[in-house]
Amino acid sequence: MRYGYWAPVFGGWLRNVPDERMEASWDYMSRLVRRSEEIGYDLTLIAELNMNDTKGRDAPTLDAWSTAAALAAVTRSIELMVAVRPNFHQPALFAKQSSNIDRIANGRLALNVVSSWWADEAKQYGLQFDQHDDRYARTSEWLKVVEGLWSEPRFSFEGSFYRAEEAINEPKPVRKPVIYAGGESEAAKADHRPVRRLRHAR
Numbered sequence: 101m102r103y104g105y106w107a108p109v110f111g112g113w114l115r116n117v118p119d120e121r122m123e124a125s126w127d128y129m130s131r132l133v134r135r136s137e138e139i140g141y142d143l144t145l146i147a148e149l150n151m152n153d154t155k156g157r158d159a160p161t162l163d164a165w166s167t168a169a170a171l172a173a174v175t176r177s178i179e180l181m182v183a184v185r186p187n188f189h190q191p192a193l194f195a196k197q198s199s200n201i202d203r204i205a206n207g208r209l210a211l212n213v214v215s216s217w218w219a220d221e222a223k224q225y226g227l228q229f230d231q232h233d234d235r236y237a238r239t240s241e242w243l244k245v246v247e248g249l250w251s252e253p254r255f256s257f258e259g260s261f262y263r264a265e266e267a268i269n270e271p272k273p274v275r276k277p278v279i280y281a282g283g284e285s286e287a288a289k290a291d292h293r294p295v296r297r298l299r300h301a302r
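So the sequence shown is residues 101 to 302, counted in our numbering.
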């Protein structure tokens, strides 16, 4: 059995408690994750949201990926499972970014792939928000590009949403990050190798 927790990127997770005395700050996050590693926790999940859906949209929210990179540098054993939404990241560039973070972490990066759910957030940030099944079709292509760039010396791809032409990603990850995803619809349950299924996810 492994033990993990959701990192408090929002300064806590309880909707009915305005102040959980967990501030959304790098200082608090770094102290918490380093201490949880010391006492034996196996992993922490770092949620990717640009607006705070727990304490109110105007409340502080830490960026998932810069936080993950910083935590990779100050921890040694805890797995960093970072949520990622494909419509927020161009996949070839994401493959490069995540490879670098995995190397900083020496192979401790994992991904929780979320095919988006908050249309208003995407609109505010000027990002594409597809209809339900198209979101999962986008995710499928996105995963193929990321996996290809993690694995192959040069990678080409042409799909409905993304393309790559002889793209190079060096250095590769220390190990290909484990990818988790979840969902209840048929589109969400479709086989998107190399994804591991989560029982409960948005």
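No residue lacks a Cβ here, since even glycine has one placed at the ideal position from N, Cα and C.
Burial state of residue i (16 or more Cβ within 10 Å)
i	result
residue 238	buried
residue 108	buried
residue 240	buried
residue 148	buried
residue 157	exposed
residue 302	Confidence at residue 302 is low in this model, with a pLDDT of 33, below 50, so its placement is unreliable and no value can be given for it.
residue 146	buried
residue 111	buried
residue 247	buried
residue 273	buried
residue 131	exposed
residue 118	exposed
residue 101	exposed
Residues that DSSP places opposite residue i in a beta bridge
i	result
residue 146	182
residue 105	144
residue 267	255
Any non-hydrogen atom of the ligand NAP closer than 6 Å to residue i Cβ
i	result
residue 157	Among the ligands in the structure shown, none appear at all, so the ligand NAP cannot be discussed.
Residue from the options whose Cα sits closest to the Cα of residue i
i	options	result
residue 192	119, 166, 113, 249	249
residue 270	242, 142, 202, 132	202
residue 226	111, 189, 242	189
residue 223	187, 167, 260	187
residue 104	115, 120, 122, 139	139
residue 243	279, 228, 169, 216	279
residue 141	211, 162, 111, 177	177
residue 245	155, 128, 194	194
residue 114	212, 166, 153	153
residue 333	170, 137, 125	For residue 333 there is no data in the structure shown, the boundaries of the chain being 101 and 302.
residue 209	215, 120, 167, 217	167
residue 206	232, 175, 231, 220	175
residue 169	117, 212, 232, 199	199
residue 197	220, 172, 262	172
residue 235	275, 155, 216, 162	216
residue 268	261, 220, 252, 134	252
Exercise for the section: Please specify which runs of the alpha helix (DSSP H), each continuous and at least 4 residues long, are wholly inside the region 179–246, giving them in chain order. Expected result: 191–204, 219–224
Problem - Three-pair Cβ contact test at 8 Å for the region 175–182 versus the region 246–266 - result: no
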